[in-house]
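Per the numbering used here, residue 428 is the first one in the sequence shown, and the count goes up by one each step.
Idealized CB from N, CA, C, for every residue including glycine.
It should be emphasised that the depicted structure is a prediction, and the values quoted were computed from it without experimental measurement.
First comes the structure, then the notes that go with it.
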Amino acid sequence: MNLSIRLIGRFTSVPFNSLDNINEIDRANLLATIITPFFYLGSILLIKYFERNRLVSFLDRAFVILFALFVITNGMRVTIFVTHNPRNSLVMYLAALMLVGVFFTFEYYETLFVIFIASVIFMLILPHYQHNFGEQLLNDLVSFVLLVLFFCISRFIFSYRADNYLKLKAIEEKKPADRNCQPAKK
Numbered sequence: 428m429n430l431s432i433r434l435i436g437r438f439t440s441v442p443f444n445s446l447d448n449i450n451e452i453d454r455a456n457l458l459a460t461i462i463t464p465f466f467y468l469g470s471i472l473l474i475k476y477f478e479r480n481r482l483v484s485f486l487d488r489a490f491v492i493l494f495a496l497f498v499i500t501n502g503m504r505v506t507i508f509v510t511h512n513p514r515n516s517l518v519m520y521l522a523a524l525m526l527v528g529v530f531f532t533f534e535y536y537e538t539l540f541v542i543f544i545a546s547v548i549f550m551l552i553l554p555h556y557q558h559n560f561g562e563q564l565l566n567d568l569v570s571f572v573l574l575v576l577f578f579c580i581s582r583f584i585f586s587y588r589a590d591n592y593l594k595l596k597a598i599e600e601k602k603p604a605d606r607n608c609q610p611a612k613k
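And the structure:
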């Protein structure tokens with residue numbers, strides 16, 4: 428997506444230069460475009476060695492959490508850079524949280540860890556753009572509400588997937604028993 432935005436800006440007449448804070452957006456987009464292939468290559472390597480040992484399994488989980496935080500941080504970045512006041516435009520931050528909540532499956536403590544790190548990142552970035560303590564507090568409150576929504580969606584999706592997994596396991600366990608009960612062919 429970052430690369431497509433760069434290509435659209437380069438080869439079309441979309442007036443990106445008229446956007447406020449275009450230099451910050453451009454630098455952050457370039458950084459995200461450079462970092463993304465490392466996640467792709469890392470995932471290929473981790474898939475190749477998946478479930479070989481406990482260390483690789485731990486690295487898999489850590490890599491997924493790191494990528495989820497990368498996606499969430501990019502949503503924050505767009506939200507904060509465009510308006511410098513996230514409370515006015517939280518669409519991209521919300522979209523990133525919902526994307527991670529729906530497409531990533533985290534255990535309970537992993538979800539809490541992602542929420543904690545995302546909130547810390549948000550609180551550390553915000554003072555660079557909002558100098559009024561009242562505005563910072565309101566933005567942190569809105570971020571908290573979005574992170575609670577992320578938690579609820581993440582847990583709902585987790586329970587839905589866990590339920591489907593348990594149903595599939597029950598069907599798999601039942602299949603061998605069904606084969607033994609079938610009458611012999613003559």
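Using a 10 Å radius around the Cβ and a threshold of 16 neighbouring Cβ atoms, would you call G528 buried or exposed?
Position 101 of the sequence shown holds residue 528. So G528 ends up on the buried side.
Does the Cβ of I598 have 16 or more other Cβ atoms within 10 Å, making it buried, or fewer, making it exposed?
Start at 1 with the first residue of the sequence shown, and residue 598 comes out as number 171. Exposed, since its Cβ has fewer than 16 Cβ neighbours within 10 Å.
Below 8 Å on the Cβ atoms is my guess for F494 versus F466; work out the distance and round it to an integer in Å.
In the sequence shown, residue 494 corresponds to position 67, counting from 1. In the sequence shown, residue 466 corresponds to position 39, counting from 1. Correct: roughly 5 Å between the Cβ atoms.
With a cut-off of 8 Å on the beta carbons, I'd call L524 and F583 a contact; round off their distance for me.
As a first step, residue 524 must be located in the sequence shown, where it is residue number 97. As a first step, residue 583 must be located in the sequence shown, where it is residue number 156. That pair is no contact at about 14 Å.
Could you check where the alpha helix (DSSP H) with L551 kicks off and where it finishes?
Reading the sequence shown from its first residue, position 124 is the one you call residue 551. Start and end: 535-552.
If you compare alpha carbons, which of P464, N456, L565, E537 is closest to T500?
For this step, residue 500 is matched to residue 73 along the sequence shown. Nearest C-alpha to T500: N456.
Would N480 be called buried (16 or more neighbouring beta carbons within 10 Å of its own) or exposed?
By one-based count along the sequence shown, residue 480 stands at place 53. With fewer than 16 other Cβ atoms within 10 Å, it is exposed.
DSSP state of S570, grouped into three classes?
Position 143 of the sequence shown, counted from the first residue, corresponds to residue 570. Taken through DSSP and simplified to helix, strand or coil, S570 comes out as helix.
Over the uninterrupted alpha helix (DSSP H) stretch that includes L517, give me the two end residues.
In the sequence shown, counting from the first residue as 1, residue 517 sits at position 90. L517: not part of any alpha helix (DSSP H); DSSP gives it neither H nor E.
If you compare alpha carbons, which of I507, G502, V498, F531 is closest to R488?
Position 61 of the sequence shown holds residue 488. Ranking I507, G502, V498, F531 by Cα distance to R488 puts F531 first.
Between the Cα of F543 and the Cα atoms of F438, V575, P554, Q557, which residue gives the shortest distance?
The residue you call residue 543 lines up with position 116 of the sequence shown. The shortest C-alpha separation from F543 is found at V575.
Tell me the rounded alpha-carbon separation between I452 and V518.
Here residue 452 corresponds to residue number 25 of the sequence shown, with the count starting at 1. Here residue 518 corresponds to residue number 91 of the sequence shown, with the count starting at 1. Roughly 16 Å between the two C-alpha positions.
Can the beta-carbon of L473 be found less than 8 Å from the beta-carbon of L482?
Translated into the one-based positions of the sequence shown, residue 473 becomes position 46. Translated into the one-based positions of the sequence shown, residue 482 becomes position 55. At the C-beta level, L473 and L482 stay beyond 8 Å of one another.
In chain order, what residues of the same chain lie with their CB nearer than 7 Å to the CB of L526, ignoring the 5 residues before and after it?
Here residue 526 refers to the residue found at position 99 when the sequence shown is read from its first residue. Cβ neighbours of L526 beyond the five flanking positions: V498.
Would you decide whether I461 is buried or exposed? Buried here means 16 or more other CB atoms lie within 10 Å of its CB.
Walking along the sequence shown from the start, residue 461 turns up at place 34. It is exposed - the Cβ of I461 has fewer than 16 other Cβ atoms within 10 Å.
Out of Q557, E600, E534, Y476, which one is the CA nearest neighbour of C579?
Within the sequence shown, the letter at position 152 stands for residue 579. The candidate whose alpha carbon is nearest that of C579 is E534.
Leaving out five residues before and five after F508 in sequence, what residues of the same chain have Cβ atoms less than 7 Å from its Cβ?
Start at 1 with the first residue of the sequence shown, and residue 508 comes out as number 81. Cβ within range, chain order: N448, E451, I452, A455.
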